[in-house]
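Novice: These protein sequence lines map, in sequence, to chains A and B. Just so you know, we're using this note's numbering here: the first sequence kicks off at 2 and counts up by one. Just so you know, we're using this note's numbering here: the second sequence kicks off at 108 and counts up by one. Virtual Cβ for every residue (Gly too), placed ideally from N, Cα, C. Predicted, not measured: the structure shown is a model, and the values here were computed from it. Once you've had a glance at the structure underneath, I'll fire off some questions.
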Amino acid sequence: GAGVSQSPSNKVTEKGKDVELRCDPISGHTALYWYRQRLGQGLEFLIYFQGNSAPDKSGLPSDRFSAERTGGSVSTLTIQRTQQEDSAVYLCASSLGGSGANVLTFGAGSRLTVL
Amino acid sequence: AQSVTQLDSHVSVSEGTPVLLRCNYSSSYSPSLFWYVQHPNKGLQLLLKYTSAATLVKGINGFEAEFKKSETSFHLTKPSAHMSDAAEYFCVVGGKGGYNKLIFGAGTRLAVHP
Chain A
2 GAGVSQSPSN KVTEKGKDVE LRCDPISGHT ALYWYRQRLG QGLEFLIYFQ GNSAPDKSGL
62 PSDRFSAERT GGSVSTLTIQ RTQQEDSAVY LCASSLGGSG ANVLTFGAGS RLTVL
Chain B
108 AQSVTQLDSH VSVSEGTPVL LRCNYSSSYS PSLFWYVQHP NKGLQLLLKY TSAATLVKGI
168 NGFEAEFKKS ETSFHLTKPS AHMSDAAEYF CVVGGKGGYN KLIFGAGTRL AVHP
């Protein structure tokens with residue numbers, strides 16, 4: 002597609018429920034990143050995909066968080082047994098390659114609110 | 108290891124006056140550096156990037172940044188602020204070849220007053 006698409010744009014859930022956030026990157030972009038942005042704070046790196054593999058998942062905060070990418074395209078970030086501290090905007094970005102010189106194109110984000 | 112520090116969490120200027128948003132970085136190798144802007148309720152947008160060509164980088168909307176290796180700085184400037192410049196600005200450090208995780212600064216919120 003023309004840009005990075007994320008869904009849902011807003012998600013309100015109850016504590017303890019599982020949620021899935023979806024990212025559809027720009028066609029042809031091999032690198033995909035997930036970031037988390039808590040209210041009033043900067044971006045916190047979660048995970049990086051090159052193709053379908055995740056060579057860097059060092060930012061996932063706990064084993065409740067997981068992500069996968071299929072077909073070198075769509076990625077899903079799953080949060081199990083959500084907690085209130087998981088409330089944040091989850092941003093997905095893609096780039097042509099994983100080089101640190103590549104420009105990231107960001108989606109509009111998925112705002113997660115855990116009650 | 109890489110890190111980036113944005114020295115001001117909030118900057119307030121009057122319309123028509125210069126803007127200076129300060130950023131210092133730490134990197135064990137020659138970095139790539141970026142500034143991204145986030146307007147309220149909008150996605151992040153690239154302002155400019157430095158990848159070892161000219162040390163003075165010009166971006167969109169009249170912004171520019173100068174890479175100073177001796178000072179490990181990459182400050183963002185604009186000669187004359189406009190009301191539409193009010194936003195959150197992020198300084199970002201990355202590597203060159205191969206995979207390098209991009210590290211975002213904590214952000215600087217720019218307010219522009221009439």
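Go ahead and label R70/A buried or exposed: buried means 16 or more other beta carbons lie within 10 angstroms of its beta carbon, across all protein chains shown.
Specialist: By the neighbour-count rule (16 or more Cβ atoms within 10 Å), R70/A is buried.
Novice: Tell me, please, which residues DSSP counts as bridged to Y196/B.
Specialist: The partner list for Y196/B (beta bridge, DSSP) reads V144/B and T215/B.
Novice: At which residue ranges does the stretch 33 to 57 of chain A contain complete alpha helix (DSSP H) runs of 4 or more residues, listed in the order of the chain?
Specialist: The stretch 33 to 57 of chain A contains no whole alpha helix (DSSP H) run of 4 or more residues.
Novice: Among S96/A, L47/A and N103/A, which residue has its Cα nearest to the Cα of S28/A?
Specialist: For S28/A, the nearest C-alpha among the options comes from S96/A.
Novice: Mind checking which residues open and close the beta strand (DSSP E) that includes R129/B?
Specialist: R129/B -> no beta strand (DSSP E), and no H or E assigned at all.
Novice: Is any beta-carbon of chain A found at less than 9 Å from that of K165/B?
Specialist: Chain A, which has no Cβ nearer than 9 Å to the Cβ of K165/B, makes this no.
Novice: With three or more C-beta pairs closer than 8 Å as the rule, is the stretch 167 to 182 of chain B touching the stretch 12 to 32 of chain A?
Specialist: No, because fewer than three Cβ pairs between the stretch 12 to 32 of chain A and the stretch 167 to 182 of chain B fall closer than 8 Å, the two stretches do not touch.
Novice: Between L117/A and chain B, is any beta-carbon pair separated by less than 9 Å?
Specialist: This structure leaves residue 117/A out entirely; chain A is present only between 2 and 116.
Novice: Helix or strand or just coil, what does DSSP make of G17/A?
Specialist: It is coil, neither helix nor strand.
Novice: Label R13/A either buried or exposed according to how many other C-beta atoms from any shown protein chain fall within 10 Å of its C-beta, with 16 as the threshold for buried.
Specialist: Here residue 13/A turns out to be Val, not Arg, going by the sequence shown. It is exposed - the Cβ of V13/A has fewer than 16 other Cβ atoms within 10 Å.
Novice: Taking 9 Å as the threshold (beta carbon to beta carbon), is L105/A in contact with chain B?
Specialist: So, interface residue.
Novice: Tell me whether N103/A sits in a helix, a strand or coil according to DSSP, three-state version.
Specialist: Reduced to three states, the DSSP call for N103/A is coil.
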